[in-house]
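*Asks:* Residue numbers (the numbering used here): 33 to 381.
Just dropping this structure here.
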Ligand SMILES: Cc1cc2nc3c(=O)[nH]c(=O)nc-3n(C[C@H](O)[C@H](O)[C@H](O)COP(=O)(O)OP(=O)(O)OC[C@H]3O[C@@H](n4cnc5c(N)ncnc54)[C@H](O)[C@@H]3O)c2cc1C
């Protein structure tokens, strides 16, 4: 069987590689090996209820039911913990949100994700300022993305199916039967390039709406609080005791590396309002979320180049979505399983 060539070892490419590995399909995963990428800096959070409208994220339950065993399996295989279950607290931002929530929480779809009788007070008043109250969610947590990616890479490297390189489109020779790169032949090339795929001549018609974001790594004494706390900004205590704080969301930007000082100042203000204890910022990282309009994740084949496949648009939810969409793509490529309606990249040309 001809190997597959995967471009990019972020959350998308890594999940595709694992699904191929599981099916015993040979592959080579090629990555630029950049120190900062969306997948490497992400907080890796997954929380069921987000946004201003306090709605349950679409398909959350089924995506989680697929993601948890996927990551647990890799933990057993690689002998390392990556996935950390943590309840999440959502604080009300104003006096109107509690009444909106009172209606929302009656929804039978929402109930399984809400802690009916959380410990009261919800948060330590010496640490958090929570004048409007809030609620606690179950089935939330975070993936230590950097550790998961590094351990996966080490595993694939040992098998000889990982390589560092920056693949340029002119280096790829694609014809009806195969793909060639650096003198090697592949059955297919799978683009998992993140937001930069929108600049690639073969995918510049995909309606990307990439969102730059900055995330902080800090220290501070939350007096034992281990839940994820969200109040516009969020704070999450990692296993190693450091805090992740985030994140900004910028749809207009020139460079993937810079940041908007006004947005960052806003984040600092939010954190100052939320936390009564001092925090020391140790690091600040900026990367670009690969978002496609209407928050869609798209998979499939290039409409004119049948040996060119694609997975992109994980947006702000790469942890939860990558295992599912990578499986759907692999089942489509190997078994001819149909792509769910609205998720076929070719439908966007
Ligand atoms: C600040 C911030 C916070 C976030 N927080 C969360 C969160 O809490 N929870 C969550 O689920 N998601 C979060 N995300 C989103 C999450 O990071 C993305 O959904 C996910 O990382 C996308 O993965 P990807 O593999 O599609 O893209 P990427 O991570 O961008 O990976 C693409 C890879 O392809 C490589 N590459 C690109 N071009 C080439 C080439 N030509 N040749 C070789 N390699 C190439 C890149 O180097 C990179 O390694 C956050 C993102 C940001 C920026």
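Each residue gets a CB set at the ideal place from its N, CA and C atoms; glycine is no exception.
According to DSSP, is residue 248 helix, strand or coil?
*Replies:* Correct three-state label for residue 248: strand.
*Asks:* Round the Cβ separation of residue 352 and residue 329 to the nearest angstrom and send it over; I've been treating them as touching at under 8 Å.
*Replies:* Actually they do not touch by this definition, with Cβ atoms about 10 Å apart.
*Asks:* Between which two residues does the beta strand (DSSP E) harbouring residue 341 extend?
*Replies:* 340 to 344 is the extent of the beta strand (DSSP E) around residue 341.
*Asks:* Looking at C-alpha atoms only, which residue of 258, 331 and 208 is the closest neighbour of residue 235?
*Replies:* It is 331.
*Asks:* Taking the runs of the beta strand (DSSP E) that are 3 residues or longer, which of them lie wholly in the region 179 to 265?
*Replies:* Listed in chain order, they are 194 to 196, 211 to 213, 216 to 218, 220 to 223, 243 to 252 and 260 to 263.
*Asks:* Would you kindly work out how many angstroms separate the C-alpha atoms of residue 248 and residue 186, rounded to a whole number?
*Replies:* So the two alpha carbons sit approximately 27 Å from each other.
*Asks:* Applying the 10 Å Cβ sphere with the 16-neighbour rule, what's the burial state of residue 62?
*Replies:* Label assigned to residue 62: buried.
*Asks:* Does at least one heavy atom of ligand 3 sit under 8 Å from the Cβ of residue 380?
*Replies:* Questions concerning ligand 3 fall outside what the structure shown contains, since the ligands it does hold are ligand 1.
*Asks:* Kindly examine ligand 1 and report whether one of its heavy atoms sits closer than 8 Å to the Cβ of residue 106.
*Replies:* Incorrect: residue 106 has no Cβ contact closer than 8 Å to ligand 1.
*Asks:* With 16 other CB atoms within 10 Å as the buried threshold, where does residue 275 fall?
*Replies:* With 16 or more other Cβ atoms within 10 Å, it is buried.
*Asks:* With respect to the alpha helix (DSSP H) encompassing residue 303, which residues constitute its N-terminal and C-terminal limits?
*Replies:* That run of the alpha helix (DSSP H) goes 293 to 306.
*Asks:* Below 6 Å CB to CB, which residues in the same chain sit around residue 168 once its five sequence neighbours on both sides are set aside?
*Replies:* These residues qualify, in order along the chain: 119, 121, 147 and 150.
*Asks:* Look at the alpha carbon of residue 142 and the alpha carbon of residue 87, and state the distance between them as a whole number of angstroms.
*Replies:* Each residue's Cα considered, the two are about 8 Å apart.
*Asks:* Can you give me the start and stop residues for the alpha helix (DSSP H) that residue 48 sits inside?
*Replies:* Residue 48 -> alpha helix (DSSP H) spans 43 to 54.
*Asks:* To which residues does DSSP link residue 268 through a beta bridge?
*Replies:* Partner(s): 276.
*Asks:* So does residue 46 have its beta carbon nearer than 8 Å to some heavy atom of ligand 1?
*Replies:* Yes; taking the cut-off as 8 Å, the Cβ of residue 46 has a heavy atom of ligand 1 nearer than that.
*Asks:* For residue 281, report the span of its beta strand (DSSP E) as first-last.
*Replies:* Note, residue 281: premise wrong, no beta strand (DSSP E); not H, not E.
*Asks:* With 16 as the cutoff for other CB atoms within 10 Å, does residue 228 come out buried or exposed?
*Replies:* It counts as buried.
*Asks:* With a threshold of 8 Å (Cβ to nearest heavy atom), would residue 236 be considered close to ligand 1?
*Replies:* Because no heavy atom of ligand 1 lies under 8 Å away, the Cβ of residue 236 does not count as near it: no.
*Asks:* Sort out for me which residues DSSP pairs residue 318 with in a bridge.
*Replies:* Bridge partners of residue 318: 246.
*Asks:* Buried or exposed for residue 94, please, with buried defined as at least 16 other CB atoms from any protein chain shown within 10 angstroms of its CB.
*Replies:* Exposed, because fewer than 16 other Cβ atoms sit within 10 Å of the Cβ of residue 94.
*Asks:* Beta carbon of residue 224, beta carbon of residue 45: below 9 Å?
*Replies:* Yes, the Cβ-Cβ distance between residue 224 and residue 45 is below 9 Å.
*Asks:* Does residue 332 come out as helix, strand or coil in the three-state DSSP assignment?
*Replies:* It is a strand residue.
*Asks:* State yes or no: is the C-beta of residue 196 within less than 9 Å of the C-beta of residue 78?
*Replies:* No, these two residues do not count as a Cβ contact at 9 Å.
*Asks:* I believe residue 314 touches residue 251 by the beta-carbon criterion, under 8 Å. Please report the beta-carbon distance rounded to the nearest angstrom.
*Replies:* Contact holds; Cβ gap of about 6 Å.
*Asks:* Going by C-alpha distance, which of 56, 38, 74 and 58 is nearest residue 243?
*Replies:* Among 56, 38, 74 and 58, the Cα nearest to that of residue 243 belongs to 74.
*Asks:* Are residue 220 and residue 36 closer than 9 Å when you measure CB to CB?
*Replies:* Yes, they are a contact pair.
*Asks:* With a Cβ-Cβ cutoff of 9 Å, do residue 270 and residue 180 count as a contact?
*Replies:* Not a contact, by the Cβ cut-off of 9 Å.
*Asks:* Could you say which of 52, 48, 92 and 42 lies nearest to residue 72 if we only look at CA atoms?
*Replies:* Of the listed residues, the one whose Cα sits closest to residue 72 is 42.
*Asks:* If I'm right that residue 158 touches residue 308 with Cβ under 8 Å, what's the distance once you round it to whole angstroms?
*Replies:* About 6 Å separates the two Cβ atoms, so the contact holds.
*Asks:* Compute the Euclidean distance between the alpha carbons of residue 104 and residue 115, then round it to the nearest angstrom.
*Replies:* C-alpha separation (whole angstroms): 7 Å.
*Asks:* Can you tell me where the beta strand (DSSP E) with residue 68 in it begins and where it stops?
*Replies:* Where residue 68 is concerned, there is no enclosing beta strand (DSSP E), given that its DSSP letter is neither H nor E.
*Asks:* In whole angstroms, what is the alpha-carbon distance linking residue 203 and residue 237?
*Replies:* In a straight line, the C-alpha of residue 203 is about 21 Å away from that of residue 237.
*Asks:* DSSP three-state label for residue 367, please.
*Replies:* It is helical.
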